[in-house]
Amino acid sequence: MSVLDLFKLDGKVALVTGAGQGIGRAYALALAEAGADVAVADINERTGRHVADEIVALGRRSVFVKTDVTRPEEVEALVTATVAELGGLDVAVNNAWAGGRYVTPPPAEEFPLEEWDFIMNLALRAIFVSCKAEARAMRQRGRGKIVNMASMSASIANAAVAYCSAKAGVVMLTKRLAAEWGKYNINVNCISPSYTLSPARRTDSEENRELIRSLHPMGWHERPEDLCGTLVYLASDASNYVTGRDIVVDGGHTLNVWLRPLTREMPPLVSPEDEVRSLVHDLEILGIPHDDRGVTLE
Ligand SMILES: NC(=O)c1ccc[n+]([C@@H]2O[C@H](COP(=O)([O-])OP(=O)(O)OC[C@H]3O[C@@H](n4cnc5c(N)ncnc54)[C@H](O)[C@@H]3O)[C@@H](O)[C@H]2O)c1
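Counting in this note's numbering, the sequence shown runs from 605 upward without gaps.
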């Protein structure tokens, strides 16, 4: 087998939660392009069905399963439907999130407990619930790959107090499950992006995006597709000896605490126009008015 063959997912069955838009949509399409049949799970039926259709157009099988990942019985039903409709479960990507909750998060000393509970439930508890159901299905196969979505906010204090805390929890949950489930040949890893141009960041001004570019050594604003190579690697046999790891895909942002905008010797590999293609696609499907840079006009 050549080394490139290790990355192929032909014959594999994957599921992705929160796959109707943003990073989850990019992941679902990337897994399908790599050869997998993909179950699309989302709370939003319209966007989820659209992505399932896109996967079928790529020549793979797909099923949309309307799922609220905060409801354990719906997560069980998602795994059951994936196994029944697509024939098993090899790869599970736990990605769902209700992005764009604040322009500025409330200060920690006033952070509402209901909001804390909402975020912990969706960003941490639901991932544990999902991993449990997925691992049971993977045990039947004798192997599997679980990829959880963490964030650079697991290791730097840049976002709402509950979000940073939940994401740090995802990183440790991933390690703990990896330690326990190696005996079933299940790898559990997580991915931590920087600021990524999904609909979750649709209210960001062009000025703020420019600031973000200037604080990333690679010089462009992260896109969902910038995460897909890592995802396919973690989903494939190429990563069979990698488990319990958090792969930070952040363009170098968290390497240092930059005191001033970074200087460049040459243009970045991705232009501002190329940064927004996936975001603009998603805003069109969601019916959210926006300008040609994907900044919402609401
Ligand atoms: N965008 C960023 O800057 C960024 C940075 C770091 C980490 N992340 C992480 O990446 C992941 C994806 O983020 P995104 O920016 O694409 O988010 P997004 O908000 O654009 O998309 C999230 C998707 O999850 C779905 N969803 C929401 N609640 C759900 C529920 N209860 N059950 C099922 N589906 C639900 C939404 O309908 C949507 O399709 C998240 O885990 C997020 O925390 C994002």
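Ideal placement from N, C-alpha and C gives every residue a C-beta, glycine not left out.
Predicted model, so just to flag it, every value in this text is computed and none were measured.
Annotation for MET756 indicates a beta carbon within 8 Å of some heavy atom of ligand 1. Rounded to whole angstroms, ILE851 and MET756 show a C-alpha spacing of 10 Å.
Residues GLY823 of the same chain have their beta carbon placed closer than 7 Å to that of ARG868, with the five preceding and five following residues left out of the count.
Looking at PHE722, PHE715, ASP896, ASN699, the one whose alpha-carbon comes closest to that of GLY626 is ASN699.
Checking the 8 Å criterion, the Cβ of GLU713 is out of range of every heavy atom belonging to ligand 1. Rounded to whole angstroms, the separation of the alpha carbons of GLY691 and ALA618 is 10 Å.
Put simply, of ALA630, VAL620, ASP614 the residue whose alpha carbon is nearest the alpha carbon of LEU801 is ALA630. Annotated three-state conformation of VAL655 is helix, per DSSP. Annotated as distal: ALA739 and GLU680, with beta-carbon spacing of 9 Å or more. The Cβ atoms of ILE723 and VAL774 lie no closer than 9 Å to each other. Just so you know, the alpha carbons of SER606 and HIS894 end up roughly 45 Å apart. Selection VAL644, LEU613, CYS832, ASN725 evaluated against ALA623 yields VAL644 as nearest (Cα-Cα).
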